[in-house]
């Protein structure tokens, strides 16, 4: 798939291949997107390299969204806070097409793995451990649950009728 879809990328463009794959990830194969195995591999790459935590690691994001970050986000923010700033800012400001696509690609992966959403992970760690893990699971496994499992579990506990709810709502 990489050879077909991302073959015409300019040479020596930093991050061009991964950004091509990120743009294709939210699409289904019949829409010209990635095969499930490839999408899963890109997700593993995202969790391993974690370009969301350090905005400066993603050259395409810096190029396409730099003007918005410079004008509205604190560059000293860490642990995914710059991406959170961009996601929040997108509700107020109309981004250029390239920046919108970059943010959309990252939101796709962030919605599937709590490990990639550091602000959410940090804010909800206790609830996730208390509500979303069995007694046999260890804390480090929290970040390695199947894609979306922790986020889905937290969402379920927001609306649950049980006494065990996400702490922000109790």
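Residue numbers (this note's numbering): 148 to 317.
Glycine included, every Cβ here is placed at the ideal spot set by N, Cα and C.
Beta-carbon proximity list for residue 298, same chain, < 6 Å, skipping 5 on both sides: 261
Counting pairs of Cβ atoms below 8 Å between the segment 184-195 and the segment 208-222, do you hit three or more? no
Other residues of its chain near residue 203: CB distance less than 8 Å, five sequence neighbours each side excluded: 209
For residue 237 and residue 279, I'd like the C-alpha separation in whole angstroms. 30 Å
Spatial distance of residue 247 from residue 300 (CA atoms): 28 Å
Euclidean distance between Cα positions of residue 304 and residue 271: 12 Å
Hey, how far is the Cα of residue 239 from the Cα of residue 219? 11 Å
Excluding the five sequence neighbours on either side, which residues of its own chain have a C-beta within less than 7 Å of the C-beta of residue 264, listed in chain order? 227 and 257
Quick check on the burial criterion: 16 or more other C-beta atoms within 10 angstroms. Buried or exposed for residue 302? exposed
For residue 231 versus residue 176, is the C-beta distance shorter than 7 Å? no
So residue 214 is in the alpha helix (DSSP H); what residue range does that whole segment cover? 206-219
Where does residue 242 sit, in a helix, a strand or coil, going by DSSP? coil
Spatial neighbours of residue 169 in its chain, beta-carbon cut-off 6 Å, leaving aside the 5 residues before and after: 252
Start and end of the alpha helix (DSSP H) containing residue 195? 183-196
Straight-line Cα distance separating residue 180 from residue 249: 15 Å
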